[in-house]
């Protein structure tokens with residue numbers, strides 16, 4: 352009898368411990384992590400709020416004026432938020448620069464990054480990418496009377512780009528005869544160009560076109576028009592948020608057919624006269 356009672360006691364204890372373990376697992380699954388199921392951005396969006404990391408100094412793409420953000424990336428962010436069930440009033444905008452985008456995603460300071468964010472293998476080791484929603488090309492912004500005609504004429508020239516950006520790294524590796532000057536924002540590079548401290552600014556063609564079209568620079572700068580890279584813009588989320596990444600790709604597919612992608616372009620970059628590109632959904636990433 353004693354043996355039977357001991358066995359019953361231990362059996363009851365085992366059930367209690369098992370129940371506690373299950374309860375702990377359930378709590379974790381419902382937390383703010385970014386794994387599968389509803390624990391990534393899909394789960395957070397259910398609460399009606401998301402934080403988007405965006406650029407603040409790129410005319411036509413991501414530009415902050417007071418507390419307001421405008422541009423193509425901002426409109427894409429709104430499309431994503433709406434597709435996840437988050438109203439515009441539930442969006443928090445957080446300014447990111449090229450060097451801190453991965454860190455902000457990993458640390459949870461932002462939920463999603465839409466910030467002229469080129470998809471590449473090094474970044475895919477740290478974050479997950481949906482998209483691309485646009486494919487740009489690296490180019491050069493120079494004074495209208497410049498003799499620079501392309502990357503082959505950068506020897507000895509002072510070229511400005513942003514720390515941690517793909518364009519800066521390409522100058523370092525592929526055009527070592529150029530003198531690279533790095534700042535934390537392209538607006539500082541453009542100011543340096545206007546002041547004659549540098550000979551050229553390099554980043555994606557559409558970003559440069561946005562700067563060149565600003566009223567204060569009208570007639571002063573030109574985009575060389577000789578792209579020397581392919582820059583697929585992706586939408587960054589946490590590395591293990593496969594469900595969130597796939598959901599964003601589904602939202603982009605819908606935007607390509609329902610007119611919202613075209614409208615986002617026409618309301619922003621389309622004002623430059625450049626027609627809306629086709630969003631090729633066959634090239635969307637395989638989220639992993």
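In my numbering, the protein residues as written are 352 to 639. Glycine is no exception: its CB is placed at the ideal position from the N, C-alpha and C atoms.
CA-to-CA distance, residue j to residue i, given in whole angstroms
i: residue 475; j: residue 629; result: 25 Å
i: residue 568; j: residue 562; result: 8 Å
i: residue 552; j: residue 530; result: 11 Å
i: residue 626; j: residue 617; result: 8 Å
i: residue 585; j: residue 578; result: 19 Å
i: residue 391; j: residue 438; result: 18 Å
i: residue 590; j: residue 430; result: 22 Å
i: residue 545; j: residue 473; result: 33 Å
i: residue 481; j: residue 505; result: 34 Å
i: residue 469; j: residue 432; result: 21 Å
i: residue 414; j: residue 465; result: 12 Å
i: residue 441; j: residue 581; result: 34 Å
i: residue 405; j: residue 500; result: 31 Å
i: residue 583; j: residue 398; result: 31 Å
i: residue 461; j: residue 400; result: 11 Å
i: residue 498; j: residue 573; result: 12 Å
i: residue 536; j: residue 611; result: 29 Å
Closer than 8 Å to chain D by CB, residue i
i: residue 428; result: Protein chain content of the structure displayed is limited to a single chain, and chain D is not contained in it.
With 16 other Cβ atoms within 10 Å as the buried cut-off, status of residue i
i: residue 495; result: exposed
i: residue 527; result: exposed
i: residue 424; result: buried
i: residue 365; result: Any reading at residue 365 needs caution, since the residue's pLDDT is 44, under 50, leaving its predicted position unreliable; the model's value is listed next. Exposed, because fewer than 16 other Cβ atoms sit within 10 Å of the Cβ of residue 365.
i: residue 547; result: exposed
i: residue 507; result: exposed
i: residue 377; result: Summary for residue 377: the model assigns pLDDT 32, below 50, so the residue's position carries little reliability; its value from the coordinates is reported in the next sentence. Exposed: under 16 other Cβ atoms inside 10 Å.
i: residue 410; result: buried
i: residue 395; result: buried
i: residue 426; result: buried
i: residue 550; result: buried
Nearest-angstrom Cβ-Cβ length linking residue i and residue j, presumed shorter than 8 Å
i: residue 588; j: residue 478; result: 7 Å
i: residue 603; j: residue 632; result: 7 Å
Residues bridged to residue i [DSSP beta-bridge criterion]
i: residue 531; result: 510
i: residue 573; result: 493
i: residue 597; result: Paired residue(s): none; residue 597 is not in a bridge.
i: residue 468; result: 585
i: residue 480; result: 587
i: residue 409; result: 413
i: residue 403; result: 444, 463
i: residue 420; result: 415
i: residue 450; result: None, per the DSSP bridge assignment.
i: residue 486; result: 583
i: residue 553; result: 491
Open item on the list: Measuring CB atoms only, is the segment 507 to 515 touching the segment 528 to 545, in the sense that at least three cross pairs come out at less than 8 Å?
Closed with: yes
- [ ] Decide if the segment 607 to 624 is in contact with the segment 456 to 463; the criterion is three or more beta carbon pairs, one per stretch, under 8 Å apart.
- [x] no
TODO: Mind the definition here: the segment 591 to 599 touches the segment 439 to 452 only if three or more C-beta pairs lie below 8 Å; say whether that holds.
DONE: no
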